[in-house]
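Below is one structure, written out as structure tokens, with a few remarks after it.
In my numbering, the protein residues as written are 673 to 947.
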């Protein structure tokens, strides 16, 4: 069993947990993820590793409460235990010692972006970050990025913090000002990552994205997380989750993400005894 060492509410829909997971904390690297289950009959929830501490043997996750399973997760408190915490899964991020890299985070995308930028900073790379959210309260981990980033740019839809607009508004403005980047790392909602690639493509800036398609087993067996990259079928759980954004078929991915919208809106009243 995996004990919850720390729990923190980041805003009204996003929470953080630090989990005691010795095996995962010893092996995990930036870009990898875990799959957890709240209870024995629970759904498998894939979550990117937001941080880890090898000495404390803990792994930090950040999740958004969007459905039944994450609502059940949110009911747990410090001292409670998770049924399963499998990982590390996925391919670690390939980090290159560039001169200048900028990360672009949308919403909870700040969580998986942090370990990548921290690793680059530790390698001596100059890193900046753009963090986006609907409003001020949805800007995540600004204080954690500040020690490792030379510039922390903020974009909010309503203008309550930083630039009023999207993360692409800030990125385009920086490029218009002749800022140069060796690589852009974009993590967030699929439409946001697509928009970032549309900004960087004319400049031919290497752009990495972290894909989050529907995922079940995390081992490449179920095939649910398949994506098209450079015209080839890839599986985000074993080939990713990081891919070259210039090669991703975002339109196909967006359509696949919408396949179960009606089912997601359905409220199930069955209990385990009814099944």
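Backbone N, C-alpha and C define an ideal beta-carbon position, used for all residues, glycine too.
Taking residue i and residue j to be in contact with their CB atoms under 8 Å, please state how far apart those CB atoms are, rounded to whole angstroms.
i, j, result
"residue 676", "residue 689", "6 Å"
"residue 770", "residue 797", "6 Å"
"residue 856", "residue 879", "5 Å"
"residue 697", "residue 731", "5 Å"
"residue 840", "residue 806", "At roughly 15 Å, the Cβ-Cβ gap does not stay under 8 Å, so residue 840 and residue 806 are not in contact."
"residue 692", "residue 674", "6 Å"
"residue 899", "residue 920", "7 Å"
Out of curiosity, what's the CA-to-CA distance linking residue i and residue j?
i, j, result
"residue 872", "residue 785", "18 Å"
"residue 867", "residue 679", "33 Å"
"residue 896", "residue 709", "18 Å"
"residue 712", "residue 754", "9 Å"
"residue 808", "residue 819", "20 Å"
"residue 835", "residue 894", "42 Å"
"residue 823", "residue 727", "30 Å"
"residue 883", "residue 907", "10 Å"
"residue 718", "residue 757", "10 Å"
"residue 947", "residue 924", "Caution is warranted here: a pLDDT of 48 is assigned to residue 947, below 50, making its placement in the model unreliable, and no coordinate value can be reported."
"residue 952", "residue 817", "Residue 952 lies beyond the residue range present for the chain, which begins at 673 and ends at 947; the question has no answer from this structure."
In the DSSP assignment, the beta strand (DSSP E) including residue i goes from what residue to what residue?
i, result
"residue 675", "674 to 681"
"residue 882", "878 to 882"
"residue 798", "798 to 805"
"residue 825", "823 to 828"
"residue 690", "686 to 692"
"residue 789", "That residue, residue 789, is in no beta strand (DSSP E); its alpha helix (DSSP H) goes 782 to 794."
"residue 714", "No beta strand (DSSP E) contains residue 714, which DSSP labels as neither H nor E."
"residue 778", "772 to 778"
"residue 811", "Taken as a continuous stretch (DSSP letters only), residue 811 belongs to no beta strand (DSSP E), as it is neither H nor E."
Are residue i and residue j closer than 8 Å when you measure CB to CB?
i, j, result
"residue 722", "residue 734", "yes"
"residue 948", "residue 716", "The structure shown has nothing for residue 948, since the chain only spans 673 to 947."
"residue 881", "residue 865", "yes"
"residue 803", "residue 812", "yes"
"residue 765", "residue 744", "no"
"residue 704", "residue 759", "yes"
"residue 763", "residue 914", "yes"
"residue 792", "residue 780", "no"
"residue 853", "residue 877", "yes"
The alpha helix (DSSP H) that contains residue i, what's its start and end?
i, result
"residue 910", "908 to 911"
"residue 925", "922 to 929"
"residue 816", "814 to 817"
List in chain order: all unbroken beta strand (DSSP E) runs of 3+ residues lying wholly within the segment 717 to 770. 717 to 725, 730 to 736, 756 to 761
4 or more residues per run - each alpha helix (DSSP H) lying fully within the segment 832 to 898: 839 to 848, 862 to 872
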